[in-house]
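What follows is one structure encoded as structure tokens, with my remarks underneath.
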Amino acid sequence: MRYFYDTEFIDNGRTIELISIGVAAEDGREYYGVSNEFPPEQAGSWVRKNVLPKLPPPASQLWRSRRQIREDLEEFFGIDGDEPIELWAWVAAYDHVALCQLWGPMTSLPPQIPRFTRELRQLWEDKGSPRMPPRPRDTHDALVDAQHNLRRFQIMSDMEDDYARWAAGRG
């Protein structure tokens with residue numbers, strides 16, 4: 003199963019503190035969690051302006067401990083099942099670290115969780131940078147961005163399918 007995700011985080015050049023994570027699965031399921039453990043006072047001006055205002059109210063059930071987010075994701079990804087997990091993100095390096103840190107050190111990551119995230123931005127460039135829909139108005143909301151990543155992938159996959167049908171018709 004392919005999972006398209008995005009994280010919002012505080013980055014000070016040495017550490018990455020997860021703020022929120024959104025995941026859109028290929029089968030239509032979605033997950034959104036906001037950490038109740040990040041230090042908002044350490045957020046830089048960009049995060050204060052572009053991310054924090056988009057978070058749900060603190061009383062929302064979406065605010066969860068890192069442990070609860072981790073457990074939610076284990077269930078959402080179905081790590082006890084047989085289906086391989088494929089992770090995708092747009093400019094994925096920091097997102098992957100923020101995700102994996104939910105389990106602590108890399109050695110604590112369950113074996114079912116990939117040790118890498120596939121790079122959607124690289125796929126887009128490899129496909130010739132095709133025209134994509136504009137970014138949503140609510141960009142920097144992790145779930146909105148995850149949904150947009152899924153849509154980007156679907157568009158690129160549809161283009162590939164169209165080309166394959168066209169090429170098959172020429173032979």
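Residues 3 to 173, numbered by this note's numbering, are exactly what the sequence shown covers, in order. In this text, a Cβ means the ideal position worked out from N, Cα and C, and glycines have one as well. Remember, predicted model here, so these are calculated numbers, not experimental data.
{"Query": "Spatial distance of D160 from I71 (CA atoms)", "Result": "32 Å"}
{"Query": "Residue of I18, I12, L20, M3 minimising C-alpha distance to E32", "Result": "M3"}
{"Query": "Secondary structure of R50, DSSP reduced to three states", "Result": "helix"}
{"Query": "Bridge-paired residues (DSSP) for L89", "Result": "Y5"}
{"Query": "Whole-number beta carbon distance between E76 and P176, since they are thought to touch under 8 Å", "Result": "Since the first residue shown for the chain is 3 and the last is 173, residue 176 is missing from the structure and cannot be characterised."}
{"Query": "Supposed contact pair D140 and K176 - C-beta distance, whole angstroms, cut 8 Å", "Result": "What is shown of the chain runs 3 to 173, which leaves residue 176 out entirely."}
{"Query": "Where L111 sits in the DSSP three-state scheme", "Result": "coil"}
{"Query": "Rounded straight-line distance, which links the Cα of W126 to that of P136", "Result": "14 Å"}
{"Query": "Contact set for H142: own chain, Cβ-Cβ below 8 Å, skip 5 residues either direction", "Result": "E10, N52, V53, K56"}
{"Query": "Three-state secondary structure assigned by DSSP to S131", "Result": "coil"}
{"Query": "Rounded distance between the beta-carbons of G35 and R69, thought under 8 Å", "Result": "Between G35 and R69 the Cβ distance is about 11 Å, and since that is not below 8 Å, they are no contact."}
{"Query": "Among F79, G80, S22, the one whose alpha carbon lies nearest that of P60", "Result": "S22"}
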